[in-house]
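Under full-length UniProt numbering, the first residue of the sequence shown is numbered 1, with each subsequent residue one higher.
A virtual CB, placed ideally from N, CA and C, is assigned to each residue, including glycine.
The structure presented is a predicted model; accordingly, all values stated were derived computationally and were not measured.
See structure below.
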Amino acid sequence: MAGAIIQLVAYGVQDLYLTGDPQITFFKIIYRRHTNFSVESVLQNFSAPANFGDTVTCTISRVGDLVGEIILYMNIPAIPKFVNPVTCAEDPIKKFAWVRFLGYALIQEITIEIGGKLIDRQYGEWLYIWEQVSGRQDRGIDKMVGNVPSMYEFSNGKDGYELYVPLKFWFCKESGLALPLIALASSDVKINIMFRRLEECFRIGPTSSIEVEDNVVPFVYGDYIEQTVNGEKIAGYFMGFDYLLKKIYYIKIVDRNAIKKRFESSPICGAANSIPFRIYKTSTDDLDLPRSYCTPKPKSIEMIEQVQLPYKPIFVNSYLYVNYIYLDTDERLKFARSNHEYLIEQIQYNQEIGINSPNIKQNLTLDHPCKSHYWIAQLDMLVGPGTINDLFNYTTSYLRRSLPIGYQEDPDIALGGNGELVGTNLVENATLLLNGRDRFGVRDSEYFNLTQPYQHHYRGPEVGINMYSFCLYPEDHQPSATCNMSKIDYITMQMQLNNIINSKTTCRIRSYTINYNVLRIFFNLGGLAFV
């Protein structure tokens, strides 16, 4: 008797719970017929040319019946090479880089209006956070939003690049939530985008230089360097060495409130006097090895390097790719003649707050049934013009591990695993208080950065992205529990931050919350049920 037959006849009373009165078979597929429709991605232009720092509007034209996914397209210009004005040769020191995830970074905020009424507002940082917890296609999305070494690594000049950023409004996520233009005949649908300023979207260097005694320095491009004098530390990103002038060039990394704001040299000549002023290479690994160093020339002064782009770049082009859905006659008439109610998701943003103490209570202003909450803390020294401008670094350190050898020849080998963050979560622990009572007890950062995403999301995010879910499945449109914040008077997130936070090393906290609302479309007009 064949083994499979033995399994088949080994049937007992327990099997009644599994196969008694069967309702399905695995050996005849069942499908359902659907209504007739078609989909086409149509280019939609903005009312004015888009550019860095501008706010532009796209009025969605009525070329289709429903609107589904929307992709923001941006054609980023090439950056010319820096040239020595005397020799006309390429400058070996000056370099330029776009920030990581440029596509997200370029979006300051993006809103949708229906009939002049604001329905939802989202942010580039929120798009990054959501991709971190729910993204399924790392390599693809990295290329779409410009998170590739050819964009974020320093080089002399850059080629142009085309960015494709998927928007995440409620109707972009589910076909069943597609926005019915056919039922909004009396209401214009507008997408407004505020782009980030140019100087917030790139890194350029060097910003500073200082003379050294050494004929050769033990640093290579991309090393992190630091100097500690009288207990005060300053850091930099090494960019080059001029052996003729005996100067090192770097991007300075310093908090705006720090006491020590520049690299220094000994005011007195002599080898012994110069030892406390040595500039050391910062290790990005855990090996306890002697650190290499160079010594600033006594009485030398840090110089400011004025590195500017030859000209101010502008977008080559930018527009929206809108997925229009075309319905067959019967369904089209049904959509046009009916009133509609959609359960939609919105994003609530709590304005960032500046922090100069490790103990913080963040008062949250939230309304409506909320299903999940996300927050980050970020060091001030990491972002802004003239800094390392690491927009999506939410850790205790500016350090990133070096790229693997050979990424220049094959940039794809660096995708997804390059530039690993060295620091830890700025948030040590946290608890949420509702009307003064704990929603949950004090939990450490791993709970919010690892455990909660593991329980409720497709994947875990980068270090420093924290979340708490009130529901089972925050990625699903189907509600699976909420907390009605409209009925809570006082909502407070109480946090203990890393002890590096003080009056000299400050940070900022930002938070985003997903809530449900109802979009009503009556008599060709659209609006929210709860404002």
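Rounded to the nearest angstrom, how far is the Cβ of Ser292 from that of Phe277, given a contact under 8 Å?
Wrong, their Cβ atoms sit about 15 Å apart, outside the cutoff.
Could you tell me which of Gly157, Leu163, Asn51 and Ala50 sits nearest to Pro92, measuring between CA atoms?
Comparing alpha carbon positions, the residue from Gly157, Leu163, Asn51 and Ala50 closest to Pro92 is Gly157.
Starting from Gln452, trace the alpha helix (DSSP H) in both directions and tell me its first and last residue.
From DSSP, the alpha helix (DSSP H) with Gln452 extends over Gln452 to His456.
Suppose contacts are defined by Cβ-Cβ distances below 8 Å. Is Thr55 in contact with Ile253 by that definition?
Contact: no.
Per DSSP, the bridge partner or partners of Phe96:
Looking at the DSSP output, Phe96 sits in a beta bridge with Ser155 and Ile204.
In the DSSP assignment, what residue or residues form a beta bridge with Phe241?
Under DSSP, Phe241 takes part in a beta bridge, and its partners are Ile248.
Quick check on DSSP: helix, strand or coil for Tyr447?
In this structure, Tyr447 counts as helix in the three-state DSSP scheme.
Along the chain, where does the alpha helix (DSSP H) that runs through Lys261 open and close?
That residue, Lys261, is in no alpha helix (DSSP H); it is neither H nor E in DSSP.
Below 8 Å between beta carbons: does that hold for Ser450 and Gly441?
The sequence given here has Leu at residue 450, not Ser. No, the Cβ-Cβ distance between Leu450 and Gly441 is not below 8 Å.
To the nearest angstrom, how far is it from the Cα of Ser338 to the Cα of Thr111?
For the pair Ser338 and Thr111, the Cα-to-Cα distance works out to about 26 Å.
Option in Glu153, Thr87 and Asn363 with minimal Cα separation from Phe101:
Comparing Cα-Cα distances from Phe101 to each of Glu153, Thr87 and Asn363, the minimum goes to Glu153.
Suppose contacts are defined by Cβ-Cβ distances below 8 Å. Is Ser445 in contact with Val422 by that definition?
In this structure, Val422 does not lie closer than 8 Å to Ser445 by Cβ.
Thinking C-alpha only, which one of Asn484, Gly270 and Cys294 is nearest His373?
Nearest C-alpha to His373: Asn484.
When the Cα of Asn363 is compared with those of Leu432, Tyr161 and Gly236, which residue comes out closest?
For Asn363, the closest C-alpha among the options Leu432, Tyr161 and Gly236 is that of Leu432.
If you count every other CB in all the chains shown that lies within 10 Å of the CB of Ile60, and 16 or more means buried, which is it?
Burial state of Ile60 is buried, judged by a 10 Å Cβ sphere holding 16 or more other Cβ atoms.
Do Phe195 and Tyr221 have their CB atoms nearer than 8 Å?
Cβ distance not < 8 Å, so Phe195 and Tyr221 don't count as in contact.
Within 10 angstroms of its Cβ, does Ala183 collect 16 or more other Cβ (buried), or is it exposed?
Buried: at least 16 other Cβ atoms inside 10 Å.
Can you confirm whether the region 339 to 346 touches the region 76 to 87 when touching is taken to mean that 3 or more C-beta pairs between the two stretches lie within less than 8 Å?
Of all C-beta pairs linking the region 76 to 87 to the region 339 to 346, fewer than three are shorter than 8 Å, placing the two stretches out of contact.
Return the CA-CA distance between Gln452 and Ala481, expressed in angstroms with no decimal places.
One alpha carbon belongs to Gln452, the other to Ala481, and they sit about 15 Å apart.
Just to confirm my understanding: we take Lys371, look at its own chain, exclude 5 residues before and 5 after, and list those with CB closer than 6 Å. What are they?
Beyond the five residues adjoining it in sequence on each side, Lys371 comes within less than 6 Å, by CB distance, of Phe470, Cys471, Pro474, Thr482 and Ile514 in the same chain, given in chain order.
If you run the structure through DSSP and keep just helix, strand and coil, what is Cys172?
Correct three-state label for Cys172: helix.
The ligand GDP and Ser187: does any heavy atom of the ligand fall closer than 7 Å to the residue's C-beta?
No copy of the ligand GDP occurs in the structure displayed, which carries no ligand at all.
Cβ pair Tyr326, Phe37 closer than 8 Å:
In this structure, the beta-carbon distance from Tyr326 to Phe37 falls below 8 Å.
Note down the Cα distance separating Ser511 from Phe46, rounded to an integer number of angstroms.
For Ser511 and Phe46, the distance between alpha carbons rounds to 30 Å.
In DSSP terms, what Trp375 is bridged to
In DSSP, Trp375 forms a bridge with Asn466 and Ser511.
So is Glu302 buried or exposed if we call it buried at 16+ other beta carbons inside 10 Å?
Buried, by the Cβ-count rule.
Candidates Leu497, Arg332, Phe335 and Lys361: which alpha carbon is nearest Thr396's?
Just measuring C-alpha positions, the residue of Leu497, Arg332, Phe335 and Lys361 sitting nearest Thr396 is Leu497.
Rounded to the nearest angstrom, what separates residue 565 and Arg121 at their Cα positions?
No answer is possible for residue 565: the residues shown for the chain start at 1 and end at 531.
Counted within 10 angstroms of its Cβ, other Cβ atoms place Arg197 as buried (16 or more) or exposed
Arg197 is exposed by the Cβ-count criterion.
Whole-Å CB distance - Tyr104 paired with Tyr321, under 8 Å assumed:
Incorrect: roughly 17 Å between the Cβ atoms, too far for contact.
For Pro474 and chain D, any beta-carbon pair shorter than 8 Å?
Absent from the structure is chain D; it holds one protein chain and no more.
Would you kindly work out how many angstroms separate the C-alpha atoms of Val216 and Tyr243, rounded to a whole number?
Near 7 Å, if we compare the C-alpha coordinates of Tyr243 and Val216.
Quick one: grab the DSSP three-state call for Val189.
Looking at Val189 - three-state DSSP - the assignment turns out to be strand.
Report, in whole angstroms, the separation of the C-beta atoms of Val189 and Ile259, which I expect to be a contact under 8 Å.
Between Val189 and Ile259, the beta carbon gap of about 53 Å keeps them out of contact (Cβ cut-off 8 Å).
Extent of the continuous beta strand (DSSP E) to which Met495 belongs:
Boundaries of the beta strand (DSSP E) harbouring Met495: Ile491 to Leu497, taken from the DSSP string.
Quick one: what does DSSP say Arg139 is sitting in, helix, strand or coil?
Helix at Arg139.
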